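A quick write-up on the structure given underneath.
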Amino acid sequence: MRLAATAATVLALSTAALGLTPGAAQAAVNDQAVSGVASPIWQPNAPVDALANANGVIYAGGQFTSVKPGAGQSGSATARTYLAAFSASTGALVTSFKVTLNGRVNALDVSPDGRTLYVGGSFTTVNGTTRNRIAAITLSTGTLNTSFNPNASAAVRSIESTSSTVYLGGDFTRVGGATRAYMASVTAATGALNTRFVPTFVQRPAQTCPTNPPPGCTTTTYTPNVLAIKVSPDGTRVLAGGQFMGVNGVSSGGMASLDPTTGATEEWDANTAQPINTNCAGRVTSIVAQGTSAYVTGAGDPPGCYEGTYSANISNGAVNWLSSCLGASQGLTIMNNILYKGSHQHDCAFNQGGASGGFVGGTGRGGFIHHHLVGQNLADGTFVHWSPNTNGSGSAATGPHVMANDGTQIIVGGDFTNVNGSSQTYLTRFLANGDHATPSVPGRNINSDPFGGQPGVLSAKLAITVQPTAANTLTVLIPTSDDADSGTLTYRVYRDGGSTPVATMTAESYTWSRPTLRFDDKGLTAGSSHSYRVTASDGTFTSALSTAVSGRVASSAPGAFASVVSNLNPLLWWRLDDTGTTAADSSSSHTNTGSFQGGVTKGASGALGNDGAVTLNGSSGYVASNTQITAPNAFSESVWFKTTSTHGGSLLAQSDTRTGSGGNTDRAITMDNNGDLVFAVKQPGGSSMFGPAVTSFRNQDTIWNDGRWHQAVGTYDGNGTISLYVDGQLEGSTAGTDFNGNPVLAAGMPTSYLRAGYADLSSVQIVFGINFYNRSWPVSPFFSGSLDEASAFNYALTLAQVQSMYAAGVAGGA
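In terms of numbering that gives the first Met the number 0, the sequence shown opens at residue 0 and continues consecutively.
Written as structure tokens, this is what we have:
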């Protein structure tokens, strides 16, 4: 079955709740200095796979045969075969540097004294002179160093030099006529082999397809190679990563710490914990180091293999932190204590939320939203506010392949053909001179992947909405904007074309993690209509005004919440203002009572303002129905919730067991670690190689863990369509489809126990791929926060009915 699903989430803040008033001071968070706007640089005509810099010059190597001026630059296309040089200050081609090779460049490295450029690849001549896959260029003259000639038998893919030694990694099995498989050490002066350095690499077994393979699955054989080499800052270790299963007879995965003289294996404890190991076909692609720590990333072939980033102590490889995002990563660089990464990151579901990410990606490749460029704190791996983006092109479209910096800018090479939506081919750079990005216009669909997407699958719902709620009130929900190099933005709301804002609010957001602000415009005339437009500002740059969105004030106040819900005839209705051991059922039957389990605190301030709620401790507390409810086909669930948790948890779900773990879970409204909401319905029977057969809806960017009350409603219409509503708005609907695009009906459980605050989620955690590192989302299935007014219905609520409940809740009448 193909899971035709995306996502749903949003978060709401009012000016009163934020303690802000019109004209409040702007906030501007910028936790790193690099601009999110690309600066001009000449453009190669094919991918860039290697970068180096020295003496005010950027060197790029790859698959290209010519380069041309970038946007706003003068000049014409110029032949450059696989290697070119550009001014670090202007990005212009350095015409005096012209080295002609006859094959691809995979690796570049400048000697510590800045005088020599080492070049590795698949070429066999340099400026007409034979040089097999490795050469040295004297930078002062741009000529071949005729003394240096290691002579590798196959492609060189990584180079790391010291003042006396050059380490080579790649596909070769011989260097200088002697047997040296995949890694060698040679002298910097002549390229003569250092015969004492003899590590041996263990080949990874072939990756075979499962018994019932998915379409396109083929058996893959992996030849060892070394793709990344880094000498530790103190010179005591050589770190090597690549496509191998171990080193020197020890199965340890694609990462090794070696003695720099002999190649003997040194301790690297991360091999026993990190998932680039023997049970997944992954490989280390980039290693950087600073101080006493190394930073490692990789790529995997089967879905779910490790492709994140980790930090480890160089002395023993003990892991400092681990960021388990999925999406092949190939480039790392460190500047100003920030780790900048190039990848096609699309899923961080197994991280804690907040600045760690924690976002759940698409459940199929067509639903991926790629974040190709990100920055992380060296200390703990949390994300900083840097999120320019590229596309990916070609048969192995990663996007960025390699990252570098010269202390003043981040340089990126890869297979991309545009940056931030504008044409820019294979090479780009971002200057470290402050904030240059203008926030996106509020309400634009800014977080769908502009370079892909699955037909018929909804992307993020980012429209500004206006709805009547309390008496004489319109409630405006404003999805926050995206800014490639700022975190906290200021939003100004303008009514009816006025020039003075009627509200000013601030919110912090990441491109994959954005709240929706709530403004309750009170004191309006019943029956009147009003329009609203919004801007976003980082304190320096301000977006254009959003498109005007209008709403009409209700002619009368909404009914009391109790009356509205009673008229909808719920199967079960827990008001959760109880003081005893039982959650009373306020439905007409009064028979579906609940029992409080574990860490439940009663008497918290409720969603309606004048009744109570329960607070759950996030580790043992929940509410479970004492008897089963019957809803064999169409149904709805509703609950109000409030949390700041970054551990996620189950809000409402139905289970075939009354309490405890295990059993089958269905019709689950779940918060992931990031604060997103997911509504999932299991298909009757069957599963796929990626997990159980589930129909779901989820947005991939909006979050609701803002510490404010929200209402979530999930519905199933009995004919294959499920819908998720948050705060009175339809976040989206979706239906499961098989590989042929035919609808798959989600019948669900005919009878079940309702649970609020906890359910076993192992059977409904829809993710892309196999979870090789045995981690789950959310961090805890137990919800940490407050719940109120939980209800269930044996039919699908309409939008109008959902909005009537939300309006009554905003009005505050019990």
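Quick reminder that beta carbons are idealized off the backbone N, C-alpha and C, glycines included.
These numbers come from a predicted model, not from an experiment.
Using three-state DSSP, classify residue i as helix, strand or coil.
i: VAL359; result: coil
i: PHE122; result: coil
i: ALA396; result: coil
i: SER88; result: coil
i: ASP108; result: strand
i: GLY406; result: coil
i: ASN319; result: strand
i: THR489; result: strand
i: MET504; result: strand
i: ALA354; result: helix
i: GLY808; result: helix
Quick one, which of the options has its alpha-carbon nearest residue i's?
i: VAL599; options: ALA755, ASN566 and MET748; result: ALA755
i: PRO39; options: CYS324, THR296 and GLN408; result: GLN408
i: ALA633; options: ALA791, SER654 and THR235; result: ALA791
i: ASP112; options: SER160, GLY127 and THR129; result: SER160
i: VAL492; options: HIS529, ASP481 and THR534; result: THR534
i: GLY413; options: PHE200, THR515 and PRO43; result: PRO43
i: TYR166; options: PRO780, GLY597, LEU760 and ALA135; result: ALA135
i: GLN596; options: TYR621, GLY175, GLY71 and ASP610; result: TYR621
i: GLY248; options: LEU238, TYR509, GLY262 and ASN704; result: GLY262
i: ARG666; options: SER660, VAL677, ASN673 and ALA652; result: ALA652
i: TYR509; options: ASP482, PHE122 and LEU760; result: ASP482
i: GLY330; options: TYR794, GLY659 and THR397; result: THR397
i: ALA758; options: TRP776, GLU730, ILE57 and LEU650; result: LEU650
Alpha carbon to alpha carbon, how far is residue i from residue j?
i: GLY380; j: VAL359; result: 18 Å
i: ASN404; j: ASN105; result: 18 Å
i: SER687; j: LYS681; result: Low per-residue confidence applies at SER687: pLDDT is 42, beneath 50, and the placement is therefore not dependable, though the value from the model is reported in the following sentence. Approximately 12 Å between the Cα atoms of the pair.
i: VAL418; j: SER586; result: 55 Å
i: THR99; j: GLN375; result: 37 Å
i: VAL36; j: PHE429; result: 6 Å
i: LEU92; j: GLN289; result: 31 Å
i: ASP787; j: LEU615; result: 11 Å
i: THR701; j: LEU461; result: 9 Å
i: ASN126; j: LEU143; result: 8 Å
i: LEU321; j: SER604; result: 38 Å
i: THR720; j: ASP577; result: 35 Å
i: GLY69; j: GLN62; result: 18 Å
i: GLY141; j: SER162; result: 20 Å
i: LEU575; j: GLN466; result: 27 Å
i: ALA900; j: ASP233; result: What is shown of the chain runs 0 to 813, which leaves residue 900 out entirely.
i: LEU796; j: SER732; result: 13 Å
i: ASP258; j: PHE243; result: 18 Å
i: ALA470; j: THR416; result: 53 Å
i: SER250; j: ARG517; result: 54 Å
i: VAL766; j: ILE286; result: 28 Å
i: ALA293; j: GLY661; result: 40 Å
i: GLY659; j: SER619; result: 10 Å
Should residue i go down as buried or exposed, given a rule of 16 or more other Cβ atoms within 10 Å for buried?
i: PRO204; result: exposed
i: ALA84; result: buried
i: HIS589; result: exposed
i: ASP495; result: exposed
i: PRO749; result: exposed
i: GLU265; result: buried
i: PRO631; result: exposed
i: ARG130; result: buried
i: THR89; result: exposed
i: ASN704; result: buried
i: SER527; result: exposed
Checking 8 Å against the spacing of the C-beta atoms, do residue i and residue j come in under that value?
i: TYR805; j: THR468; result: yes
i: GLY366; j: HIS343; result: no
i: HIS371; j: PRO46; result: no
i: THR296; j: LYS229; result: no
i: GLY361; j: HIS384; result: no
i: ALA180; j: THR164; result: no
i: SER803; j: PRO557; result: yes
i: SER779; j: PHE640; result: no
i: ASP726; j: LEU476; result: yes
i: ARG156; j: LEU50; result: no
i: PHE356; j: CYS304; result: The amino acid occupying residue 356 in the given sequence is Gly; Phe does not appear at that position. Not a contact, by the Cβ cut-off of 8 Å.
i: SER536; j: THR489; result: yes
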